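Note sheet for the following structure.
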Amino acid sequence: MMEMEYLDLSQNSFTGSIPPGIWNIPKLQYLFLYTNQLTGDVVVNGKIGAASLIYLDISENQLTGTIPESFGSLMNLTNLALMTNNFSGEIPASLAQLPSLVIMKLFENNLTGQIPAELGKHSPFLRDIEVDNNDLTGPIPEGVCDNRRLWIISAAGNRLNGSIPASLATCPA
Numbered sequence: 003m004m005e006m007e008y009l010d011l012s013q014n015s016f017t018g019s020i021p022p023g024i025w026n027i028p029k030l031q032y033l034f035l036y037t038n039q040l041t042g043d044v045v046v047n048g049k050i051g052a053a054s055l056i057y058l059d060i061s062e063n064q065l066t067g068t069i070p071e072s073f074g075s076l077m078n079l080t081n082l083a084l085m086t087n088n089f090s091g092e093i094p095a096s097l098a099q100l101p102s103l104v105i106m107k108l109f110e111n112n113l114t115g116q117i118p119a120e121l122g123k124h125s126p127f128l129r130d131i132e133v134d135n136n137d138l139t140g141p142i143p144e145g146v147c148d149n150r151r152l153w154i155i156s157a158a159g160n161r162l163n164g165s166i167p168a169s170l171a172t173c174p175a
């Protein structure tokens, strides 16, 4: 198991929680657990040992609790799909620091607080931000298009307020 690079158990009827040991498979690059009946918090005890993760999709389950701050330590992560769960709390600010992130899908959860102010500034390849149907408040960060690659920002069905950032007009898409 320590040599495993690809784990796809998606579109099944698995129940229970995600075993914490999965986050410590050192060579794991692709983890697909979407469309199951997984429940409970995503428990990451300290630093994630699966630091090589490129693609993480645990969407369409019934996962609860907060999004682990340690997901922000996954420097190779390009795709983060956590949508259609019951995650609560704020979007970890650490996710805005991911240098390889391209796609971030967090829609249809119970997320609160603001969209991280640094989102878009430290992820030069970020092109897709989907945070629809949560309970987010505050403004859309002014620098969200700083990387000049953003194609999609979808934030419908929240309680966002303030001014629409003028920088959205400079997004290249």
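Our numbering applies: residue 3 is where the sequence shown begins, and numbers increase by one.
Ideal placement from N, C-alpha and C gives every residue a C-beta, glycine not left out.
Computed from a predicted model, the values in this text were never measured in an experiment.
Nearest in C-alpha terms to asparagine 47, of all of Thr66, Asn26, Leu35, is Asn26. By the C-beta density criterion, asparagine 88 is exposed, having fewer than 16 other C-beta atoms within 10 angstroms.
Beta-bridge pairing by DSSP links arginine 161 to Thr139.
When beta bridges are read from the DSSP output, methionine 106 appears opposite Leu82, Ile131.
Straight across, the Cα-Cα distance linking glutamine 64 with asparagine 135 is about 16 Å. About 6 Å separates the CB atoms of proline 94 and isoleucine 69; that is less than 8 Å, so the two are in contact. Annotation: the continuous beta strand (DSSP E) that includes phenylalanine 34 extends over 32–34. For the set Val146, Asp43, Pro167, the Cα lying nearest the Cα of glutamate 132 is the one of Val146.
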